[in-house]
Structures are given as C-alpha cells and as structure tokens.
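Chains A, B and C, in that order, give the protein sequences. At position 32 of the first sequence the residue is numbered 32 (the numbering used here), and the sequence of numbers has no breaks. At position 580 of the second sequence the residue is numbered 580 (the numbering used here), and the sequence of numbers has no breaks. At position 131 of the third sequence the residue is numbered 131 (the numbering used here), and the sequence of numbers has no breaks. Even for Gly, the Cβ is constructed at its ideal location relative to N, Cα and C. Nothing here was measured: the structure is a model prediction, and the numbers come from that model. Written below as structure tokens is the structure these notes are about.
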Amino acid sequence: MKRGARIGIFAMLLGIATALVIMTSMAFLRSEPITVDYTTAQPKGQPVHLTLQTVSAIGFGDNPNWVSYLAESPQGKWVHSTLWDLPAHTTIDVTLYQYDSGGPLRNQERGVVQGVKPTLNGKLFSLIDSYKGNGVGHTFSIPRLGINVPLAGVNGNAKNFCNAAPCPLSDAHNTIKFSFTTPGPGQYRWQCFVPCGLGYLYGNGGPMSTLGYMGGFLKVVA
Amino acid sequence: MASTIDTPIAGRHVSTRPAGGLGLNRYQNVFTAFVVAAGGYLLGHYIGNVIGSGYVSVQGGGQNDVAIVLALTFGALGWLLGIGALNYPLAKLVGASPEYPPTEGGWMRYFRFSLDHKVVGMQYVIATLLFLFTGGLLAMAIRTELLNPTIHVLGPGTYIAVVGEHGTIMMMMASSLVIGPLGNWLVPLMIGSRRMAFPRVEAFSLWLFTAGYMVILTALPMGGFPTGWTGYAPLQTQAGGGMDSYLVGFAIIGTGMVLAGFNLAATIVTCRAPGMTWGRLPIFVWSVLATAALLVFATPTLICAGLFGILDRTAQTAFYVNEHGGSSFLWENLFWFFGHPEVYIMALPGFGMVGEMLPVFTGKQLFGYKVGAAGMIGVALLSFFVWQHHLFQSGINPDMRPLFMLTTELISIPTGFIFLVGLGTLWKARMRMEPPMLFCLALYFNFLIGGITGVFLSDVPVNVTVHGSFFVLAHFHYTIMGGLVFAFFGGLYYWLPKMTGKTLNRKLSLAHFWVMFIFFNLTFFPLLIVGLLGQPRRVFEYAQRLQPLNDFASVSAYILGASFLIFIANFVWSIWIDPKPAPTNPWGSRGLEWQVPTPVPAYNFEHIPVIVSDPYLYGVPDAPPVADFGGASSPAYAAALAGDTAGDGAARSE
Amino acid sequence: MSTPRRSNDLRTMVTIWLILSAVLDPVYFWVIGPHMPPGTMTDSAAGQQFDINVLVVTALPVVLAVWVYMAYAVINWRASKIPADTPVFVADPKRATRIQVAWILVTAVTVMWAFGFGVYELVVPAGAGGGEGPNPVWTPTSKNILPIQVIGQQWLWTYRYPTFGGFETTQLMIPNNTEIAFHVTSLDVIHDFWAYQLGVKADANPQEDNVAFTHTAQVGRFTVRCDELCGIWHGAMYDYGHIVPKATFYKWATSTEAKLASQTKLLPPFAWIYTPDANGADGGYYPNNVVPYNKTELYSSQHVRITQYGAKNS
Numbered sequence: 001m002k003r004g005a006r007i008g009i010f011a012m013l014l015g016i017a018t019a020l021v022i023m024t025s026m027a028f029l030r031s032e033p034i035t036v037d038y039t040t041a042q043p044k045g046q047p048v049h050l051t052l053q054t055v056s057a058i059g060f061g062d063n064p065n066w067v068s069y070l071a072e073s074p075q076g077k078w079v080h081s082t083l084w085d086l087p088a089h090t091t092i093d094v095t096l097y098q099y100d101s102g103g104p105l106r107n108q109e110r111g112v113v114q115g116v117k118p119t120l121n122g123k124l125f126s127l128i129d130s131y132k133g134n135g136v137g138h139t140f141s142i143p144r145l146g147i148n149v150p151l152a153g154v155n156g157n158a159k160n161f162c163n164a165a166p167c168p169l170s171d172a173h174n175t176i177k178f179s180f181t182t183p184g185p186g187q188y189r190w191q192c193f194v195p196c197g198l199g200y201l202y203g204n205g206g207p208m209s210t211l212g213y214m215g216g217f218l219k220v221v222a
Numbered sequence: 001m002a003s004t005i006d007t008p009i010a011g012r013h014v015s016t017r018p019a020g021g022l023g024l025n026r027y028q029n030v031f032t033a034f035v036v037a038a039g040g041y042l043l044g045h046y047i048g049n050v051i052g053s054g055y056v057s058v059q060g061g062g063q064n065d066v067a068i069v070l071a072l073t074f075g076a077l078g079w080l081l082g083i084g085a086l087n088y089p090l091a092k093l094v095g096a097s098p099e100y101p102p103t104e105g106g107w108m109r110y111f112r113f114s115l116d117h118k119v120v121g122m123q124y125v126i127a128t129l130l131f132l133f134t135g136g137l138l139a140m141a142i143r144t145e146l147l148n149p150t151i152h153v154l155g156p157g158t159y160i161a162v163v164g165e166h167g168t169i170m171m172m173m174a175s176s177l178v179i180g181p182l183g184n185w186l187v188p189l190m191i192g193s194r195r196m197a198f199p200r201v202e203a204f205s206l207w208l209f210t211a212g213y214m215v216i217l218t219a220l221p222m223g224g225f226p227t228g229w230t231g232y233a234p235l236q237t238q239a240g241g242g243m244d245s246y247l248v249g250f251a252i253i254g255t256g257m258v259l260a261g262f263n264l265a266a267t268i269v270t271c272r273a274p275g276m277t278w279g280r281l282p283i284f285v286w287s288v289l290a291t292a293a294l295l296v297f298a299t300p301t302l303i304c305a306g307l308f309g310i311l312d313r314t315a316q317t318a319f320y321v322n323e324h325g326g327s328s329f330l331w332e333n334l335f336w337f338f339g340h341p342e343v344y345i346m347a348l349p350g351f352g353m354v355g356e357m358l359p360v361f362t363g364k365q366l367f368g369y370k371v372g373a374a375g376m377i378g379v380a381l382l383s384f385f386v387w388q389h390h391l392f393q394s395g396i397n398p399d400m401r402p403l404f405m406l407t408t409e410l411i412s413i414p415t416g417f418i419f420l421v422g423l424g425t426l427w428k429a430r431m432r433m434e435p436p437m438l439f440c441l442a443l444y445f446n447f448l449i450g451g452i453t454g455v456f457l458s459d460v461p462v463n464v465t466v467h468g469s470f471f472v473l474a475h476f477h478y479t480i481m482g483g484l485v486f487a488f489f490g491g492l493y494y495w496l497p498k499m500t501g502k503t504l505n506r507k508l509s510l511a512h513f514w515v516m517f518i519f520f521n522l523t524f525f526p527l528l529i530v531g532l533l534g535q536p537r538r539v540f541e542y543a544q545r546l547q548p549l550n551d552f553a554s555v556s557a558y559i560l561g562a563s564f565l566i567f568i569a570n571f572v573w574s575i576w577i578d579p580k581p582a583p584t585n586p587w588g589s590r591g592l593e594w595q596v597p598t599p600v601p602a603y604n605f606e607h608i609p610v611i612v613s614d615p616y617l618y619g620v621p622d623a624p625p626v627a628d629f630g631g632a633s634s635p636a637y638a639a640a641l642a643g644d645t646a647g648d649g650a651a652r653s654e
Numbered sequence: 001m002s003t004p005r006r007s008n009d010l011r012t013m014v015t016i017w018l019i020l021s022a023v024l025d026p027v028y029f030w031v032i033g034p035h036m037p038p039g040t041m042t043d044s045a046a047g048q049q050f051d052i053n054v055l056v057v058t059a060l061p062v063v064l065a066v067w068v069y070m071a072y073a074v075i076n077w078r079a080s081k082i083p084a085d086t087p088v089f090v091a092d093p094k095r096a097t098r099i100q101v102a103w104i105l106v107t108a109v110t111v112m113w114a115f116g117f118g119v120y121e122l123v124v125p126a127g128a129g130g131g132e133g134p135n136p137v138w139t140p141t142s143k144n145i146l147p148i149q150v151i152g153q154q155w156l157w158t159y160r161y162p163t164f165g166g167f168e169t170t171q172l173m174i175p176n177n178t179e180i181a182f183h184v185t186s187l188d189v190i191h192d193f194w195a196y197q198l199g200v201k202a203d204a205n206p207q208e209d210n211v212a213f214t215h216t217a218q219v220g221r222f223t224v225r226c227d228e229l230c231g232i233w234h235g236a237m238y239d240y241g242h243i244v245p246k247a248t249f250y251k252w253a254t255s256t257e258a259k260l261a262s263q264t265k266l267l268p269p270f271a272w273i274y275t276p277d278a279n280g281a282d283g284g285y286y287p288n289n290v291v292p293y294n295k296t297e298l299y300s301s302q303h304v305r306i307t308q309y310g311a312k313n314s
C-alpha cells in the first residue's frame with residue numbers, strides 16, 4: 001500500500017471516530033429537557049405568567065410512572081420541562097396546579113412558606129401541617145432565592161384523580177398562586193424537596209435525581 | 001534435566017500442536033465475541049425480567065436492577081465465550097483434549113484469543129489506550145462544564161454521570177496501564193522465560209479487562225451513576241441503572257486484576273532463567289512483583305464490596321442501608337481498604353519503569369538498587385495500613401486518627417527511597433535527553449508535588465480544610481497522571497521500537513512530551529489552589545471568584561488533551577504510514593529484552609539464556625555481557641546449573 | 001574513576017539551596033502565610049492556617065532540594081556538555097551506603113516532626129474542627145457550649161437549635177466568641193458539612209451524630225458547602241451562614257423560636273439522630289436515641305457541660 005493511501009485510510013478512520021464522538025456528545029446534550037422561553041411572551045417589565053402542574057405519573061416517555069412537573073408554554077401548550085428562560089428583575093406570577101396526592105413530610109421544616117406570600121385555592125397560608133388533611137405532595141423551592149412553597153396534596157382516592165399528564169382542570173387539583181421577582185442573570189436551581197421518587201431508597205432516586213421531572217433551572221437572562 | 005532446559009525451540013511453539021477440542025479458536029475473534037456478547041446480554045435481560053419484575057421497588061420506580069445485572073454479567077460471559085477464552089476449561093470439563101489457539105495470522109491475531117504474551121501485551125496497549133482516551137474525552141467535558149460557575153453546559157445530571165464515568169474509567173485503566181501492556185510483554189523477556197506461567201490466565205485477564213470497558217460504558221445510556229468512582233453507599237443503593245454497570249464492571253475488572261496479579265507473581269517466582277537471582281532481577285520486575293502482591297491481596301475486597309452492593313440493589317439486602325441494620329461506613333471501609341493499595345498499584349510500576357530507563361540514559365549504574373527494591377516492598381506493605389486517612393472527617397472513631405496520620409506519613413519514607421535511587425543515578429551522569437529520559441525526569445518533578453501534597457492531606461488538621469476539595473483531586477492527578485501516565489508514555493517511547501520493530505518519530509515524540517508536561521502542570525497546579533480556596537470536588541457550581549483559575553485550568557486541559565493527538569499521530573505515522581525499521585538495541589541497553597532479535601520470535605529465546613552479571617553495569621569497563629545465550633554448549637550454562645542460582649523454574653519451562 | 005571526597009558540584013548545589021530556602025521560607029511564612037486559607041474566623045480555622053504554614057515551611061526546603069539538584073543535573077550533566085571520553089562516575093560503595101543511611105534518617109526525622117506537630121495541632125484545639133463521631137475524645141475546656149444540629153438531606157442543609165426549643169431553619173446564625181458544637185447528621189445519604197471559613201468539616205451520615213467543635217473569633221459571613229457527593233444536586237447544595245455578635249444572635253434566636261413555634265410543634269422531639277423512612281415519600285423522620293435530649297449531659301466526658309446559652313453569659 002502506498003503512503004498516500006495509508007494517510008487516506010487513517011484520515012477516514014479518524015473522521016469516523018470524530019463523528020462518533022460528536023454524535024455521542026450531541027445525543028447526551030439532547031437528552032436534557034428542552035428549555036421553555038418566557039422572555040418574549042410579555043413586553044419588557046410586564047409580569048410574566050408561569051403556569052405549572054404536578055402530576056402523580058407522567059404517563060409517557062421512558063419512565064411513564066414517574067412523578068413530574070409540567071410547564072405551560074406561552075403558547076398555551078403543556079411541556080414536559082423544568083428549564084425555563086425568564087427575564088431578569090421581573091415579577092413572575094406563578095400559578096401551580098397540584099394534581100398529586102400528599103402525605104406527612106419527612107422534614108416538617110419544608111412545610112413552612114419562605115420568601116413569598118402564596119394562596120391555596122384563594123386563601124393565604126404560611127404553614128401546612130402535613131399530618132392533617134391530604135398532607136403535602138410536593139414543594140416548589142428555589143434555595144438561592146430563599147423561596148419555599150409547600151403544595152398541599154389532593155385526595156389520592158378521588159374519583160377524578162389524574163393519572164397521566166397533562167391533567168385537565170376538571171380533575172381533582174389544588175391551585176396555589178404566588179409571585180416573586182427574578183434576580184440578575186444566572187441559572188438558579190429550583191426543585192421539589194419532598195422525597196417523591198417511589199421505589200428508590202429514601203425516595204430521592206429516579207424522578208428526584210433526573211433533570212426534567214422534579215427539579216430544574218430558572219435560566220434568568222438579561 | 002539438561003535436555004529439557006536446552007530443547008531447541010524453533011517451530012516448537014503451540015501452533016505445531018494438534019488442534020484439540022472442537023478446534024473453534026481459529027474461527028473466533030472479536031466479531032464473534034460481539035455477537036455472542038449481545039446474545040448473552042439479551043438472554044440475561046430476559047431472565048432478569050422473568051425473575052424480578054414483580055418486585056415492589058421495580059413497580060414503583062420502573063427500574064429492574066436484576067435484569068440489568070444479569071444482562072451485563074451474561075453479556076460479559078458471552079464476550080469471553082465468543083472470543084474463545086472458555087474453550088479450554090469447557091473442553092476439560094467434558095473430557096475433550098485441550099485446544100491450542102493458532103499463533104499465526106498476521107494482524108488478525110491481535111483480534112483473537114492468543115496465548116503469546118507479546119500479542120497479549122500489544123492487545124493490552126491498544127485496550128488501555130482506548131480506555132485512556134475515552135476517559136480523557138470525558139475530562140474535556142468536565143472542564144467545559146466548569147468554564148462558568150453558574151451557566152451550565154451539561155446540566156447537573158449529565159455532569160455527575162460524566163464525572164463518575166471519567167473517574168471510574170481512569171481508575172480501571174490506570175490499575176492495568178503498566179501491568180497489562182508492559183508487565184505482560186516485558187516480564188518473561190526480562191527474566192529469561194519463554195512465556196508467562198499461565199498463558200491462558202494472562203489472556204483471560206485481558207479479555208475480562210475489555211469486557212469491563214464495555215460494561216462500564218453501558219452506564220452512560222442508562223443515565224450514568226451519581227456516586228463518582230468511589231461509589232459511596234447508600235447513594236449507591238439509591239442510584240439508577242447505571243450504578244449496576246459500575247458494580248458489575250468493577251467486579252469484572254477486579255477479577256481480571258486478581259488473575260493478572262497471580263500470574264505475574266507466579267511467573268516471576270518460578271520462570272526465572274538460570275542465574276537470574278533475586279539480586280539481579282531488573283528493578284521493573286521488582287515493581288511488578290510488589291504490584292502483583294497488592295493486586296492479589298487488595299482487589300478481592302473490592303469484588304466482595306461490589307457483590308454486597310449488587311445484592312443491596314437487587315435482592316434487597318441491606319449491607320449498606322443503616323435503617324435496615326446495615327452501615328454506610330461498611331462500604332467506605334471496604335472500598336478504601338482496596339482503594340488505597342490501588343493507589344500504589346498505580347504508582348509502583350511507574351517507579352519501576354523509571355528505574356529501568358534512567359541507567360540507560362545516564363550511562364550509569366542504578367544507584368541503590370537494593371534500597372529501591374526495598375522501597376517498593378515497603379510501600380506495598382504499608383499501603384494496607386493507611387486506608388482510613390480517606391475517612392478522617394467521616395465520623396469514625398477519632399482515636400484512630402493519629403495512627404493513620406502516622407502510617408500515611410511513614411509511607412513517604414519508602415517513597416523517598418525511590419527518589420534517592422533516581423537522584424543518585426543522576427549524579428555526575430552523562431544524560432541523553434531522549435524522549436523516554438524526559439518522561440522519567442518529568443515523573444520526578446510531578447511526583448514530588450504529588451507526594452508533598454499527600455503529606456499535607458495526611459495531616460489531620462490540614463485535612464479538615466482540603467479533604468474532598470479540588471486539592472485532593474489535583475494531588476492524585478499529580479501522582480497518577482504525573483507519575484504513572486508519564487512513566488507509561490516514557491516506557492512506550494522506550495520499548496515500542498522493540499515491541500513493534502519500528503522507530504518512532506523523534507520530533508513528534510519531543511513535541512508530545514513538552515506539550516504534555518507543560519500543560520499538565522498548567523492544568524493541575526491551578527486546581528491545587530482552587531481546592532485550597534474552597535472548591536469541593538464534583539460540583540457543577542462554584543464560587544464566582546474562582547472562575548479565572550478554573551478557566552485557566554480548562555484551557556490548559558484542552559491543550560493537554562490535544563497533546564495526546566500528537567502521540568496518536570506519531571504512533572500511526574511511525575508504525576503504519578511511514579514505518580522505519582528499528583535497530584535491535586537502539587538505546588544501547590543491557591536489558592535482556594534488548595538482546596533478542598527484533599521482531600521478537602514467538603519463542604523469545606532460542607536457548608534459555610544464562611544470566612551471568614548484574615543488569616545495570618553501565619559505564620563499567622570490561623563489564624561482562626548480561627547473559628549467555630549459547631545454550632548447553634556454553635560453559636556459563638554448566639556453571640549456572642552447578643551453582644543452582646535461580647533457575648529451577650526455568651528448567652521446568654518446557 | 002576517582003571519587004573526590006569534596007566535590008564542587010555538591011558545594012554549589014548546597015549553597016544555592018541554602019540561599020533559596022533561607023529567602024523563601026521567611027517570605028512565605030510572614031508575607032503569604034497570614035493570608036492562607038481558611039483564614040482566622042475561628043480558632044480551628046486559625047489552627048489549620050498555622051498548620052498549613054508550618055508544613056509549607058517544612059516542605060519548601062525539601063522541594064527546593066530536589067529541584068535544585070535536578071536543575072543542576074540537567075544543566076551540567078548532559079551528554080552534549082561532557083566529552084565522550086570522560087570516565088563514568090562510579091559510586092564508592094561505602095559512601096553510597098552512608099548516603100542511603102543519611103537519607104533514611106533525614107526523611108524519618110522530617111516525617112516524625114510532621115507527625116508530632118500534626119497530633120499536637122489535632123488534640124489541643126479539640127479535634128481541629130473535624131468531625132469526631134458521636135463520642136468525641138478531644139473536647140473543649142469551655143463550660144458553655146452552644147450546640148447546633150446540622151441536618152443534611154438531599155439537597156439542602158437545615159439547622160436545629162436544641163437550646164432554643166429545637167426550632168429548625170435553613171438559616172445558620174452563630175454568635176461570636178463562643179464555643180460551638182456542630183452535631184452533623186443526615187436524613188438520607190452521606191453528605192459533608194463544610195463551613196469553609198470556620199475550618200469545620202464533618203460528614204453527615206444517616207443515623208450518626210458526628211460532632212465537630214470550633215470557637216468563633218470574628219463576625220462575618222461564611223460559606224457552607226456539601227463536600228461529599230450526594231447525587232444530582234450536590235453541586236448546588238450550599239448556603240451561607242453568619243457569625244454575629246452575641247446580643248444579635250440571642251435576639252435572632254429567641255425571635256425565631258417564637259416565630260416558628262407552630263412549626264416546631266410539628267417537628268419530632270429534638271434528638272441527636274433520626275430515622276427517616278427509607279422506602280419513599282411518606283412519613284417523617286423519627287427521633288432515634290435511647291437517652292432523651294438532656295441539656296446538661298451532652299458528651300460521655302464529664303468535664304464538658306452545656307448550659308442554656310444567653311446574652312447574660314457573655
């Protein structure tokens with residue numbers, strides 16, 4: 001074989017290897033959930049409406065029986081994503097539909113509201129006793145902003161209990177509303193602090209340990 | 001007896017034996033191995049689903065660990081079956097005559113089950129390089145994520161998966177990096193043997209190693225594992241399916257390590273040529289012997305710990321779950337009981353190689369040969385008594401802290417011997433600045449930083465500040481990469497001309513060295529500081545004030561990564577595209593392996609050599625040759641037999 | 001082939017090494033040393049800083065010795081600089097043995113010095129800020145200790161103040177000029193409480209009370225990070241604590257105790273360790289110690305007692 005031919009073969013193999021590496025990397029990056037963009041939904045400075053729901057089982061995808069958050073895109077479509085682009089220094093009006101059932105919290109500290117003034121079905125609240133009623137299903141917490149909102153669960157035996165996302169408003173749910181102001185640009189972790197990954201040790205595996213289910217980022221952009 | 005030791009060898013090798021058994025070996029190669037492995041994987045998965053799908057945990061989480069573990073185990077078994085590694089024991093089992101794999105077959109023999117230690121050695125070179133470059137690519141991903149303290153490229157889940165995969169792949173690779181390729185290739189040649197003590201075990205450990213590589217890679221599509229290479233429980237018990245790849249993969253690699261260790265120790269003890277006394281054993285062989293002891297005694301702990309982890313995750317036992325009577329400390333202790341000897345598994349062979357090369361390139365005798373060998377044995381012994389220094393802040397009994405501080409600091413005394421040997425050999429030398437020599441000098445430079453930072457870590461009060469930080473990370477990269485990986489590449493530049501028969505391009509070799517050396521230090525020295533300034537390991541978010549140092553380290557890391565492309569280019573160019581034949585002994589070495597023709601014949605030595613003098617008599621006027629290759633007719637041979645110096649094993653080596 | 005007893009090479013090396021060490025060691029100790037991490041916010045941090053500095057001063061001459069030697073060798077003893085007919089240096093065996101013995105002695109003495117000093121720095125400042133497990137052996141001599149329980153959970157720190165009714169909060173406030181006992185535990189996997197500027201580090205293990213002591217010396221903000229990989233959000237598991245004057249602390253603690261009274265009632269009674277429900281979402285954490293919490297008998301050692309901490313004590 002001539003030298004030129006060998007160089008050619010090697011270049012080809014190198015190309016294939018590089019392509020494989022790039023394709024694998026891309027596949028990984030794409031395995032992350034998509035980001036929902038709320039920055040262009042409103043004129044600059046106007047409050048942004050963020051509508052979320054929690055469901056007991058997502059019902060589709062690789063892990064149909066995992067609990068999950070969903071977000072409503074500005075176009076009014078429910079998206080399975082926990083990554084949101086939000087404008088900086090802007091009021092975010094959050095409407096949260098809790099469709100999942102609840103129970104006693106592992107750590108009652110998470111039953112205390114921090115950082116915001118939320119309403120549960122129209123009534124202000126600052127603490128949920130998770131031993132009473134249907135308990136707490138999830139929380140919506142942004143640790144770096146000092147925000148913690150416990151989400152009261154619905155009756156798990158209700159006839160119209162929602163079993164697969166996206167859940168319609170006709171199913172049993174609680175409505176939690178609150179507002180907060182975004183800080184300067186950066187990526188801020190938000191997550192649920194209720195160990196709701198059933199079937200995993202301490203309830204913190206599975207959906208609690210996978211981006212796109214029970215935690216994500218507020219991607220605050222200027 | 002005389003007739004057995006001096007049997008003419010030409011044409012005697014295994015290929016002339018009748019093909020016993022089913023004669024399957026000649027049809028088996030990596031492609032059949034892939035096919036059978038895939039079949040095994042599917043079968044295991046199916047069985048696992050039949051057994052395990054009723055578990056409550058499976059129903060809740062939708063994840064069946066029984067199926068994953070069985071699939072990976074059966075897949076690995078299929079790989080061994082498909083390559084032909086099990087033909088011999090299976091034939092024995094049914095009473096058929098044993099089978100001898102073919103030795104001929106050009107380049108295709110590198111893709112087959114082979115019993116020639118030189119073929120296995122080259123297979124190991126390729127396998128470990130594949131491991132190394134895979135891990136290296138993952139390191140690039142880590143540094144990319146750390147370019148910005150709060151803007152994320154990978155996201156937390158992918159980042160943790162990449163970190164764990166990088167660490168595990170690199171640790172698996174590094175524990176075989178020298179022992180596998182160079183240990184297998186060189187040890188028989190260096191001690192004057194025609195083969196390893198157990199050629200089938202040797203090949204088996206190689207194919208286990210490759211199986212482990214594939215098993216650990218399967219973690220990525222399953223979402224990786226969140227525990228890093230240390231696999232701490234109970235996070236291990238909580239983790240997703242990728243964790244099974246970690247546990248099964250480490251068990252497979254660990255089994256290969258134990259087998260390789262036994263084989264190397266047996267070879268060194270029993271297969272030495274006549275006259276190869278313990279006092280004449282090359283220093284590299286001493287390092288391999290010390291490492292083999294560590295492999296044999298430390299690794300079983302890891303395999304057992306992994307088995308407990310697999311049982312916790314599948315059969316719902318509770319070895320590591322406190323709430324059910326287990327203990328999270330159990331894994332920490334078992335893991336580090338293996339893990340700290342493991343660190344020296346990754347250091348000693350590097351010391352040995354440097355000790356082998358320095359005399360050649362300084363043209364001097366090795367200074368303090370006995371001290372060097374003693375140092376390696378001392379390090380190996382002490383390494384079993386230091387493991388709790390990883391657990392200083394963990395909440396174990398504080399009474400133990402001074403003891404483990406002492407043992408850890410004591411280990412710097414035998415490590416100091418290695419420095420004494422190196423520095424003493426440099427005294428008034430005539431240094432030839434060839435690429436292997438540069439890598440040797442770099443090892444001393446890097447390992448000094450790695451060793452000194454190790455003393456800081458062993459000091460309990462300082463450990464409070466630096467435990468679990470980037471300081472630790474930079475410390476062990478300085479010892480493992482700065483030590484072992486530098487020694488490995490030095491060794492490749494030194495021995496590849498003998499292994500491949502081709503001369504490597506000197507300019508590219510030098511370019512590789514300088515880029516790698518400079519940017520290795522520019523990557524990891526800033527990371528030492530970053531750790532001291534408070535950045536914990538394995539985080540995807542860090543303090544804003546540490547961004548400049550992190551970015552500097554990232555850019556340096558990219559260039560460090562690129563330096564390996566120079567090596568690949570050099571390797572491919574010199575070996576394949578524009579090959580230039582290498583002389584038999586280009587460096588003027590007295591090593592036994594350099595006295596045989598290039599390429600080395602399948603039988604190594606036509607007559608078993610008789611070792612007549614010390615290996616490092618460089619610059620000694622009228623120094624006798626290292627060995628007599630004349631066979632039974634030579635007077636040295638009769639003298640060696642009469643003196644009964646070493647070679648009872650050699651006499652038996654067919 | 002002669003081996004000169006006194007070689008110029010050695011003298012040159014030793015001179016360079018002595019000068020470098022004599023300059024760099026003091027420069028490090030007095031110029032850089034006072035700024036070394038983790039600072040002087042507490043006595044354990046200051047102790048660690050001093051320890052680092054002493055080790056650097058010890059290590060620097062060792063590093064310089066090797067570097068000077070190697071640099072000298074690389075510059076002077078390369079083949080291109082030495083005529084080919086120069087006889088090769090062969091070491092005198094007796095002299096070689098003496099060098100080896102001397103080397104072993106010097107390294108052994110250095111190691112024993114590092115060990116002795118390290119033990120002193122570990123024992124005297126009550127464990128040097130590291131987690132000592134449930135039965136600490138090196139305890140502070142102070143009679144007034146403020147205990148703070150640090151609870152690690154995936155992926156958040158919470159803090160309980162047993163001497164203030166056991167309220168639990170995400171805020172970490174500690175008073176200045178006070179002996180603090182951090183009781184670190186976990187509700188799930190292993191975490192590690194690393195209060196960087198305090199010089200405190202202790203693993204948070206489930207069902208284990210890991211105690212670390214420190215004595216605060218300066219007011220200010222400090223970083224708390226998780227230092228043991230605990231899963232996906234490990235990198236985001238950090239917050240900030242504050243050392244404040246005693247009066248400020250007392251005011252904060254009593255007002256928080258009152259404010260969180262309704263929540264504290266829902267918490268389990270204060271205990272050193274808790275048993276979480278290992279299997280999933282439901283259920284709280286339960287106290288799990290045989291002896292109920294007692295304000296006066298805290299450690300197995302008798303001389304350490306705890307008193308209700310208040311502004312009056314200062």
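Proximity of residue 187 of chain A to chain B, defined by a Cβ-Cβ separation below 8 Å, is satisfied. Taken atom to atom, the span from the alpha-carbon of residue 378 of chain B to that of residue 479 of chain B is near 18 Å.
Contact check for residue 217 of chain A and residue 83 of chain A: beta-carbon distance about 5 Å, within the 8 Å limit, so the pair qualifies. Residue 141 of chain A has a beta carbon lying at 8 Å or more from every beta carbon in chain B.
For residue 219 of chain A, the closest of A:25, A:85, A:73 by C-alpha to C-alpha distance is A:85. Within the stretch 216 to 248 of chain B, the alpha helix (DSSP H) runs of at least 4 residues that lie entirely inside it are, in chain order, 235 to 238. Using a Cβ distance threshold of 8 Å, residue 151 of chain A and residue 210 of chain A do not count as a contacting pair. Identification of chain B residues near residue 211 of chain A by a Cβ-Cβ cut-off of 9 Å yields 155, 156, 157, 158, ordered along the chain. With a beta-carbon spacing of about 15 Å, residue 154 of chain A and residue 165 of chain A fall beyond the 8 Å limit used to define contacts. Exposed is the label assigned to residue 506 of chain B, since fewer than 16 other Cβ atoms lie within 10 Å of its Cβ. Between the stretch 359 to 373 of chain B and the stretch 328 to 345 of chain B, the count of C-beta pairs closer than 8 Å stays below three; the two stretches do not touch. Looking at the backbone, the Cα of residue 73 of chain B and that of residue 44 of chain B are separated by about 7 Å.
Listed as beta-bridge partners of residue 52 of chain A by DSSP are A:71, A:96. A Cβ-Cβ separation of about 6 Å places residue 148 of chain C in contact with residue 180 of chain C under the 8 Å criterion. When DSSP assignments are scanned along the stretch 194 to 272 of chain C, the uninterrupted stretches of beta strand (DSSP E) that are 3 or more residues long and fall wholly within it turn out to be 200 to 204, 210 to 215, 220 to 226, 238 to 244. Within the same chain, 60, 64 come within 8 Å of residue 24 of chain C by CB-CB distance, once the 5 residues on both sides are set aside.
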